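What follows is a single structure, written as structure tokens, with notes after it.
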Amino acid sequence: MNKVDIGIIGAMKIEVEAIQAVMEDKKERIISGILFISGKLYGKDIVVAECGIGKVFAAICAEAMILTYNPDVIINTGVAGGLSPKLKIGDIAVSTSVVQHDMDTSPLGDPLGLLSGINIVNIPTDDKTRESIVKAVEELGINCVQGVIASGDQFVNSADKKQMIVDTFDGIACEMEGASISHVCYVNKLPCCVVRSISDGADDDSHMDYPEFCKLAAKNSTAVIKAFVQQYK
Ligand code: SAH
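For the sequence shown, the working numbering assigns the number 259 to the last residue and increments by one with no breaks.
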């Protein structure tokens, strides 16, 4: 079986292509319709995949990556809607934990976001990985906020929804894959961290922001991943 140091997952091509472009000794493999590119970056063995949008594709990708490449850690990178006033377009959100804001069995008395079976709401992030990523962001001179990143199968684009995620989960950023990837890593006992650059404000104006700023945000998240891989020991 292959064995890599780091697995990197982005939902969209724009979130992974600049990393794949600088890899060496590349090998491609398609599993469950997802393209995995393995190879070397700064002397480390890595695998990078574009999983597609949403929690199901993200879970398929994370499980396939673990079973096929056996990484020591998985990082989810990409863009996100900002929920914290401290996060502006292009800034970086790093997860301390992640939640699934659309998981709701509350009519049965459960707290919002409870992941029945593992019986937690917040899936913790690996501290060592988070600290290395924060160091990489700071060295790049990009503003960085650490906190809860919230995932769900919806593009958050309203003040009400945004407020719900802040009030209920103390979320700093919202996206559609990170908590799914972290869930898969959690049950496989694998370290995981989510790193997202802000593409929009997750409110009524966000459909205006997103197409314009997605590219800038993806550039920043990619730069962080490269710096993290370079420093990885
Ligand atoms: N049909 C589009 C869908 C993009 S969805 C496409 O295929 O490109 C937006 C993506 O950016 C998701 O991967 C999500 O993780 C992230 N994202 C950025 N801003 C977001 C927001 N405000 N709410 C939810 N996800 C967001």
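For each residue, glycine too, the CB sits at the ideal point set by N, CA and C. Here the structure is a predicted model, which is why all the values come from computation and not from measurement.
query                                                                                      : result
Minimum C-alpha distance to G167 - residue among I79, I60, S247                            : S247
DSSP three-state assignment for A249, whether helix, strand or coil                        : helix
heavy atom of ligand 2 below 6 Å from D186 C-beta                                          : Ligand 2 is absent from the structure shown, which contains only ligand 1.
P237 (DSSP reduced to helix, strand or coil)                                               : helix
Span of the beta strand (DSSP E), counted from its first residue to its last, around K114  : It is not in any beta strand (DSSP E) - K114 carries neither H nor E in the DSSP assignment.
Residues that L138 bridges to, as DSSP identifies them                                     : According to DSSP, L138 bridges with nothing at all.
Beta-carbon proximity list for I149, same chain, < 7 Å, skipping 5 on both sides           : S123, V124, A205, S208, H209, Y212
7 Å Cβ shell around N214 - same chain, five flanking residues per side excluded            : I92
D226 Cβ short of 6 Å to ligand 1 heavy atom set                                            : yes
Cβ contact (3+ pairs, closer than 8 Å) linking the stretch 104-112 and the stretch 223-243 : yes
Rounded distance between the beta-carbons of H127 and I191, thought under 8 Å              : 5 Å
Beta-carbon gap between A244 and I100 smaller than 7 Å                                     : no
I45 versus L242: straight-line alpha-carbon distance, rounded                              : 15 Å
Rounded C-alpha distance that separates Q257 from V174                                     : 24 Å
Residue closest to A185, alpha-carbon to alpha-carbon, out of V250, D231, E50              : D231
I32 versus V82, S58, I57, T103, residue with shortest Cα-Cα distance                       : T103
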